[in-house]
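These notes are about the structure you will find just below.
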Amino acid sequence: MIEQALKMLSEGQIIGMPTESVYGLAADATNDTAVARIYAVKKRPSINPLIIHVDSIEMARQWGVFTELAEMLAKEFWYKTPSSLTLIVKRNNAALSHLVTAGLDTVAIRMPMHAIALDLINKFGKPLSAPSANKSNSISPTSAEAVAIELGELIPLIIDGGPCRVGVESTILDVSENDPILLRPGGTTLEAIEKVLGITVKTYTENTPTSNTKSFKAPGMMKRHYAPSIPLRLNAKMALPGEAYLTFGTENQRQNETLNLSESGDLVEATANLFRMIRLLDCSSYNGIAVAPIPNFGLGLAINDRLSRASAE
Ligand code: AMP
Ligand code: MG
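Following the numbering used here, the numbering of the sequence shown begins with 144 at its first residue and continues without gaps.
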């Protein structure tokens, strides 16, 4: 399977790749045609840059400028247990497709914590650009079956690496300028980043001043994103007639609970279940999904971010 994948990637084809966060749609990040295929298959606006995936800090340094701060974060979060952190750094290699970075002078880099992805990138010897393997704006796939349902007819190969351990996209931290800025909450908690850095990290808003002349506007930051086809209602104490009720912990459990993200109230488990359960409810006969309140700390920040985008008009 890996040999076949390597051949396809070197021919400029795009394939489904498992990672610890969500399944990715992978292409050779140095091949403009292959990268263009990603945008086409996802129907993703080409002004929205992609994340490149590397197998090590060593490979990362060949494609982006790793300051002391970036090195420290990569060492801490790329090699230790479940964590998904993307770092935005200055690009430093002309061989990297400018389509990947959408014309910006920065590049988003991460090392997936998944044996199959790492083996593939290592053998390929170059970074793979890989956004989530779904159509733009829909729910990210956390299993090979979900990729097959979304894009099966459009891509030649999906590597099945089992269900994603983390289940939500990576945290994106911009370290290309002096002050780190959180662009997207995700698989690595803000608290953990702040602990390592020993500072409070600012979160990006449209008013965040930046010396980068090009704006950051991106799908992960778009108001409506990650959306099911039926309406989502947040902070619901109960379901209304016709709605499914997606709960968390025991507190909000009512007789009309449909699925529980984590009965024990574990945010790690809830994150891993989030997209799978929303997909399940989206495919059933309900006319909406009511979601119980989710604590807004740790991984709850990423869960609430995705839920609020999924429920946006
Ligand atoms: P996805 O591939 O769907 O996980 O989305 C990747 C996210 O990374 C998008 O929100 C992009 O805007 C963001 N991103 C990628 N490259 C950059 C960059 N150079 N600067 C800022 N954001 C980026
Ligand atoms: Mg995505």
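Positions of the beta carbon are idealized from the N, C-alpha and C atoms, including for glycine.
When the Cβ atoms of the stretch 334-350 are set against those of the stretch 252-269, are three or more pairs found closer than 8 Å? With a cut-off of 8 Å, the stretch 252-269 and the stretch 334-350 do not count as touching, because too few Cβ pairs lie within range.
Mind checking whether the beta-carbon of Pro-274 lies closer than 6 Å to any heavy atom of ligand 2? Checking every heavy atom of ligand 2 against the Cβ of Pro-274, one is found closer than 6 Å.
From the DSSP output, read off the bridge partner residues of Ala-433. Arg-376 and Tyr-388
Contact between the stretch 225-239 and the stretch 315-322 is defined here as three or more beta-carbon pairs at a separation below 8 Å; is this criterion met? yes
Could you tell me whether any non-hydrogen atom of ligand 1 is closer than 6 Å to the CB of Thr-176? Not a single heavy atom of ligand 1 lies less than 6 Å from the C-beta of Thr-176.
What do you reckon, are the CB atoms on Pro-328 and Leu-444 nearer than 7 Å? yes
7 Å Cβ cutoff met for Leu-228 and Phe-220: yes
Give the secondary structure of Ile-446 by DSSP, where H, G and I count as helix, E and B as strand, and everything else as coil. helix
What separation, rounded to the nearest whole angstrom, lies between the Cα atoms of Ala-169 and Arg-452? 24 Å
Uninterrupted beta strand (DSSP E) stretches inside the stretch 219-273 (no shorter than 3 residues): The beta strand (DSSP E) runs lying completely inside the stretch 219-273 and spanning 3 residues or more are 228-233 and 249-253, given in chain order.
Use the C-beta contact count for Asn-439: other C-beta atoms within 10 angstroms, 16 or more gives buried, fewer gives exposed. exposed
What three-state label does DSSP hand Arg-327 in the structure shown? strand
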